[in-house]
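Scroll down for the structure; my scribbles are underneath it.
2 protein chains.
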Amino acid sequence: MIDLTDHQALVNRIRERDIRAVAKAMSALEDDPSFAPQFIPALTPYYEKKPRLGITGSPGVGKSTVANRLVQELRAQDQRVGVVAVDPTSPFSGGAILGDRVRMVGVQNDPQVYIRSLGSRGSLGGLSAATANIVRVLETFGVDTVIIETVGMGQTGFDIVDIADTVVLILSPESGDGVQTMKAGVMEVADIYAVNKADRPGADGLATEIKSLLGMVDGRLQWVPPVLTMSAVDDTGVCEILGYFSEHLSFLTEHGLVADKRRRQLANEIRFLVESRIKGYMLEDARHKASLRELAAKVEARELDTYAAADAVCAMIMRSLAEDITDAKT
Amino acid sequence: MIDLTDHQALVNRIRERDIRAVAKAMSALEDDPSFAPQFIPALTPYYEKKPRLGITGSPGVGKSTVANRLVQELRAQDQRVGVVAVDPTSPFSGGAILGDRVRMVGVQNDPQVYIRSLGSRGSLGGLSAATANIVRVLETFGVDTVIIETVGMGQTGFDIVDIADTVVLILSPESGDGVQTMKAGVMEVADIYAVNKADRPGADGLATEIKSLLGMVDGRLQWVPPVLTMSAVDDTGVCEILGYFSEHLSFLTEHGLVADKRRRQLANEIRFLVESRIKGYMLEDARHKASLRELAAKVEARELDTYAAADAVCAMIMRSLAEDITDAKT
């Protein structure tokens, strides 16, 4: 039996590579919002951050095939690999699920590969706080590399760039969103661009277009992202991603950027936790929800303006915060 | 001279249709975040909500051409029209700007049309609180219909659906994002679908695809959105949008949905104001920003976990809220 309330014992079992303890902890992190604030403090002294590769891109560009190939390659290098797939369209999450572990061609029975699929909160991108914590569990469990697969990059304020050391954006000549997406500002978050389905028409043109867009901003960039072309189904060029991943990690180390990057990521994670908590007060706390509805009705009736209503909500949040902080102290 | 600090006088001048006062108030709403909390309470007793049509869609689908045509049609019906364009790619905001008013074919010198372009915060969609307030100024100024043009619908939590009574989503056979976007959940926010560039290949197929997607969910919908095909450049079918706009407004009234919809919109606007204020504390308040950085460094060093850091930030926010609320009362 695994006792989820004995956090220290659970952490110890994860460190001893008990796969059932890992699965239990991850499920609790994903499903029970009250678990993480109790469990993560117990886990924090023990996890050791490992290289984290983010793989992102629109549905259908071939992220899962790429992830699968990279896992095989890392296994050939005798690494332990953890995969977190946050993608409702991924075969890892949508395909044949075997308990908490998911089929992956060639590696599905390999005990040195741990795969976890998460439901996406908001299919246009964005991660839940659980994703960061599940990566910490994998690192405590003892993987050498973490791969995080996500569908697109969102505007939710907590994203693949806040977890991964290196982000590869997969594009395909067919997805059509490539350059449009890049122009919308997503460009500046990827460290590696990989045009998949290189055999299809338009692949070279897309790669050229990306290079020229990057050329327009490269004066502002410390690391100029490489642009690869590859074919995941034919297994051509995919593993070059790992070479550039190492190169990017070395670049961060050599330029003394590691600590600063990590702190910015953690600051963003903390900010996101705070925002989620405050959103929770407004959207989930029944008293506040009722008050918000009443305030809206008063604004509709012109008895109140929106700013006075916002002041009233802030006063309610203050009381909730005061209660929570007192609770945490007792 | 227009005194921005005499809010009552400013409101009076807007009510007297003083175009310079309108422009000044709008600029202050867009540029100075401290203006709205002072000015909106003074404006609130006077604005009267008018029919608001939201026009949204990806860049290049023809939103501005459609908006232009609809303004001409509303002018032919002798209506006063206000247009708010929140779109960095719109010719209204990107084109030839004449003071605060922008060229619009056929209506640019018409004093019964007031056009205001706003920079988009986050080009993947989402509105600023200023947009809602600028619509209120237009309504106080005395327009009969408001048209709000926005690029796409975002995930920022405050959006065209929170301002407009009726949202028309313009798609084009070339934009490619149509059905993909709909599948991503945007489908359920539009009240009218309009496939533009109906002469191009794929337009009918796109319309059929949208209808079939809507057919899959129509049991859940109160209002089943019509799907139009049109050609804005040839001026074919565009004005049907206005017919469906009226029909949708009547539907809301007949089914007693108006007050409920408006309250949900206002509740979301209030929630957004509160979230923006709290985000402001974390991202703009120098003390908090420095503390957030320090906390992140401590988490990196494992002296603290992310949840303890979030508690500390919440305690800081509580102090800021307490100060603000005291300030507001004095």
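Note that the protein sequences, when read in sequence, are chains F and S. Note that the numbering used here has the first sequence beginning at 3, numbered continuously upward. Note that the numbering used here has the second sequence beginning at 3, numbered continuously upward. From the three backbone atoms N, C-alpha and C, an ideal C-beta is built for every residue, glycine too. Please read these numbers as outputs of a predicted model, since none were measured by experiment.
At the C-beta level, S/Asp146 and S/Gln81 come within 7 Å of one another. Here the segment 212-221 of chain S makes no contact with the segment 111-121 of chain S; the two share fewer than three CB pairs at distances below 8 Å. For S/Ser119, the uninterrupted beta strand (DSSP E) segment begins and ends at Val115 to Leu120. The straight-line gap separating the alpha-carbon atoms of F/Glu242 and F/Val83 is approximately 18 Å. Neighbours of F/Glu277 in chain S, taken as residues at a C-beta separation under 9 Å, are given in chain order as Glu277, Ile280, Lys281 and Met284. Using a CB distance below 9 Å, the part of the segment 308-320 of chain F facing chain S consists of Thr308, Tyr309, Ala310, Ala311, Ala312, Asp313, Ala314, Val315, Cys316, Ala317, Ile319 and Met320, ordered along the chain. Secondary-structure assignment with DSSP links F/Thr168 through a beta bridge to F/Leu55. Between F/Val301 and chain S, the shortest Cβ-Cβ separation is below 7 Å. When Cβ-Cβ separations below 7 Å define contact, F/Arg202 makes no contact with chain S. The residues Ile4, Asp5, Leu6, Ala23, Lys26, Ala27, Phe41 and Ala44, in chain order, have a CB closer than 8 Å to that of S/Leu12 in the same chain once the five nearest residues on each side in sequence are set aside.
Here F/Leu173 carries a strand assignment [DSSP, helix/strand/coil]. The C-alpha of S/Val226 lies about 11 Å from the C-alpha of S/Tyr195.
For S/Thr152, the enclosing beta strand (DSSP E) starts and ends at Thr147 to Val153. F/Ala11: member of the alpha helix (DSSP H) spanning His9 to Arg17, first to last residue. Residue nearest to S/Ala87 within the set S/Val68, S/Leu76, S/Ala317 and S/Ala78 is S/Val68 (criterion: CA-CA distance). Less than 7 Å separates the beta-carbon of F/Pro53 from that of F/Leu251. At least one CB atom of chain F sits nearer than 7 Å to the CB of S/Ile327.
Interface with chain S (7 Å Cβ-Cβ cutoff): F/Thr46 is included. Around the C-beta of F/Ala78, fewer than 16 other C-beta atoms lie within 10 Å, and the residue is accordingly described as exposed. Close to F/Glu249, with beta-carbon spacing below 7 Å, lies no residue of chain S; the smallest spacing is near 23 Å.
The alpha-carbon separation between F/Gly56 and F/Pro47 amounts to approximately 24 Å.
Separation of S/Leu31 and F/Val169 (C-alpha to C-alpha, rounded to the nearest whole angstrom) is 38 Å. Judged by DSSP in its simplified three-state form, F/Tyr195 adopts strand. Neighbours of S/Glu271 in chain F, taken as residues at a C-beta separation under 7 Å, are given in chain order as Thr308.
The criterion of a C-beta distance shorter than 7 Å is satisfied by S/Arg264 and F/Glu302. Distances from the alpha-carbon of S/Ala38 to those of S/Lys51, S/Leu208, S/Thr210 and S/Asn135 put S/Asn135 closest. In chain order, Arg265 and Ala269 make up the part of chain F whose C-beta sits under 8 Å from the C-beta of S/Arg295. At least 7 Å separates the beta-carbon of F/Leu294 from that of F/Ala314.
Between F/His290 and F/Met320, the gap from beta carbon to beta carbon reaches 7 Å or more.
Here the alpha carbons of F/Ile162 and F/Ser60 stand approximately 14 Å from one another. When Cβ-Cβ separations below 7 Å define contact, F/Leu120 makes no contact with chain S. When DSSP states are grouped into helix, strand and coil, F/Ser36 belongs to the coil group.
Within chain S, the C-beta atoms nearer than 8 Å to that of F/Ala324 come from Met320, in chain order. The residues Leu129 and Phe274, in chain order, have a CB closer than 6 Å to that of F/Phe160 in the same chain once the five nearest residues on each side in sequence are set aside.
Interface residue (Cβ-Cβ distance to chain S less than 7 Å): F/Ile243 is not classified as such. Counting of Cβ neighbours within 10 angstroms places S/Asp167 among the buried residues, the total reaching 16 or more.
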